[in-house]
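Data first, discussion second: the structure below is written as structure tokens.
In this note's numbering, the protein residues as written are 177 to 365.
Written as structure tokens, this is what we have:
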């Protein structure tokens with residue numbers, strides 16, 4: 177099957193989850209909504225837990241688009257870019273129906289989806305860290321790869337924490353994240 181088919185299935189699952197609740201989503205309903213056979217859903221995504229991960233990663237990609245924009249807009253200052261990225265992510269979070277449904281834990285989302293942003297967030301954190309690392313490498317920070325990886329991992333995990341448990345207004349949290357990042361990366365804010 178094509179990437180388009182997989183994307184269509186995952187998009188349909190995200191929409192169904194926000195409209196009807198994750199617990200109401202079945203592979204058969206999803207197949208009907210996506211216009212494919214149930215077997216195609218299983219072939220493309222496997223189990224419902226694999227589908228859950230794909231849905232969460234799709235939403236993470238939306239947020240990473242905002243991160244890309246922030247870094248693109250601030251090519252000369254890594255800390256300003258990080259602050260802008262943090263602000264963009266924190267401003268986007270409340271308007272994400274899927275994220276709010278997951279964080280609210282309603283309709284079965286808490287059991288299946290919330291851990292993908294918290295206790296089983298490995299794929300989401302790795303995806304986000306790869307994007308941030310790639311951008312930070314363009315700034316010539318003078319950090320070796322191991323130290324850059326440690327710093328980025330901490331910054332990304334801090335952001336996930338603020339997404340799942342907001343620590344204040346987006347602008348204030350973004351400034352705080354930028355301050356922490358400046359210390360971790362060894363550059364002035």
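For glycine and all other residues, C-beta sits at the position ideal for the given N, C-alpha and C.
If we ignore side chains and look at the alpha-carbon of each, how far apart do residue i and residue j end up?
i, j, result
"residue 310", "residue 239", "16 angstroms"
"residue 348", "residue 253", "19 angstroms"
"residue 261", "residue 198", "29 angstroms"
"residue 178", "residue 359", "44 angstroms"
"residue 332", "residue 256", "16 angstroms"
"residue 211", "residue 192", "14 angstroms"
"residue 306", "residue 364", "23 angstroms"
"residue 351", "residue 259", "6 angstroms"
"residue 241", "residue 308", "11 angstroms"
"residue 271", "residue 303", "21 angstroms"
"residue 234", "residue 338", "19 angstroms"
"residue 342", "residue 330", "17 angstroms"
"residue 196", "residue 215", "22 angstroms"
Please state whether DSSP places residue i in a helix, a strand or coil.
i, result
"residue 320", "coil"
"residue 278", "helix"
"residue 252", "coil"
"residue 341", "coil"
"residue 178", "coil"
"residue 241", "helix"
"residue 209", "helix"
"residue 225", "helix"
"residue 271", "helix"
"residue 266", "helix"
"residue 364", "coil"
"residue 202", "coil"
On the premise that residue j lies in contact with residue i, defined as a C-beta separation below 8 angstroms, what is that separation, rounded to the nearest angstrom?
i, j, result
"residue 194", "residue 277", "5 angstroms"
"residue 319", "residue 274", "So it is not a contact: roughly 34 angstroms between Cβ atoms."
"residue 328", "residue 312", "7 angstroms"
Please confirm whether residue i and residue j have their CB atoms less than 9 angstroms apart.
i, j, result
"residue 300", "residue 336", "yes"
"residue 181", "residue 220", "yes"
"residue 190", "residue 231", "yes"
"residue 203", "residue 186", "no"
"residue 324", "residue 356", "no"
"residue 269", "residue 243", "no"
"residue 346", "residue 266", "yes"
"residue 314", "residue 251", "yes"
Counting along the chain, where does the alpha helix (DSSP H) carrying residue i start and finish?
i, result
"residue 218", "214 to 221"
"residue 358", "346 to 361"
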